[in-house]
Amino acid sequence: MADKSTMQCKKEGHKNQKFMYMNMSSQNKDNLFLCPICVSQKYFELEQIQQKKQKTLLIDELMKDYEKSKDLFGWPPIQEEKHIQIHQNHTDFIKLYNLQNGTVQNFFTKKIENFYEKLEYDILKEIKKQKKNTIIWLENYYQNNFQNLTTEQELKNVQEIIQKFDIKNFKEKFQEFEKQKINIGQLFDYKQEQNNNIYNNNQLYDSLEKQYKKVEELKQELEKEFAIIKTNKKLSKTLQIGLQFQFKQR
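Quick note: the sequence shown, position 116, residue 463 per our numbering, numbers continuous.
Here you go:
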């Protein structure tokens, strides 16, 4: 167990109060932890809040075992509103496209298969032909528009980036501090590194947003093709469905 004094406020007049919060927005290690008196002294002035969201963690909550990071109030410590939305979009994105168990390409391939199965009753023979053509189109589209990603990686890097927001590594570092394996300076430096490289990294969010837009474009193009096919749904099996794929060159 950690020495009790480690988790007590040493500021003058603060009576060794137990720390309640970890201030993830702190730019000074002396203000990394907050006791009730720190909070009551209006640590968060309006001028600070107007610029960025202040992020704090309840110490008692941080010491609990949560299965999911989202269950910990205040995590992840993202300050910019735009970054918060981008992170949420990509968290939902991973679930929507089932990136835990597959890839975006597999997701859309399955969607194509389901769509064509509904049309097989009316135009079974032609549907099989068009299914093959559409999957080939998807593969070509994927290669042309995601060429900066290797075949093995595909969009897996999106999941890897989102995993960096998991609290596991930060919690381990905090526990090292609690057990006095590292000092507050080392904990503060680690917190600053994480803020700069992950939580407040504009380049990282720009990369995520760019990939997200590419997948949305693919979804829209595929929906256009589905709409074309639906207009021919009631045609006779003997009628040839001459679909022409006309996409903008990117």
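For glycine and all other residues, C-beta sits at the position ideal for the given N, C-alpha and C.
Can you give me the C-alpha to C-alpha distance between residue i and residue j, rounded to a whole angstrom?
i, j, result
"V451", "V562", "8 Å"
"E473", "E564", "27 Å"
"F517", "Y463", "47 Å"
"N314", "P424", "Any answer about residue 314 is impossible in this case: the structure gives the chain only from 348 up to 597."
"S372", "L381", "12 Å"
"Q374", "Q539", "8 Å"
"A574", "K520", "52 Å"
"K357", "H430", "34 Å"
"V505", "N547", "17 Å"
"Q426", "L471", "54 Å"
"Y444", "W484", "19 Å"
Quick one: does the C-beta of residue i sit closer than 7 Å to a heavy atom of the ligand COA?
i, result
"L551", "Among the components of this structure there are no ligands whatsoever, and the ligand COA is therefore not found."
Considering only C-alpha positions, which residue in the set the options is nearest to residue i?
i, options, result
"Q554", "I433, I531 and K465", "In the sequence under discussion, the amino acid at residue 554 is Ser, which differs from the Gln named in the question. Considering only alpha carbons, the answer is I433."
"M369", "N363, N487, C385 and Q506", "C385"
"E568", "Q539, K511, N492 and Q522", "N492"
"L409", "N436, Q435 and M367", "M367"
"E556", "Q435, N378 and H361", "Q435"
Near residue i, what residues of its chain come up, given a Cβ to Cβ distance below 7 Å and the 5 sequence neighbours on each side ignored?
i, result
"K376", "I531, G532 and F535"
"T456", "I482 and L485"
I think residue i touches residue j, with their Cβ atoms under 8 Å apart; what is that distance to the nearest whole Å?
i, j, result
"E572", "T438", "Actually they do not touch by this definition, with Cβ atoms about 29 Å apart."
"Y559", "F440", "6 Å"
Which residues in the same chain as residue i place their Cβ atom closer than 6 Å to its Cβ, once the five residues preceding and following it in sequence are excluded?
i, result
"Q490", "none"
"W422", "S416 and I514"
Whose C-beta lies closer than 8 Å to the C-beta of residue i among residues of the same chain, with five residues either side of it excluded?
i, result
"E486", "Q452"
"K511", "I545"
My parser needs the beta strand (DSSP E) runs of 3 or more residues fully inside the region 495-566; what are they? none
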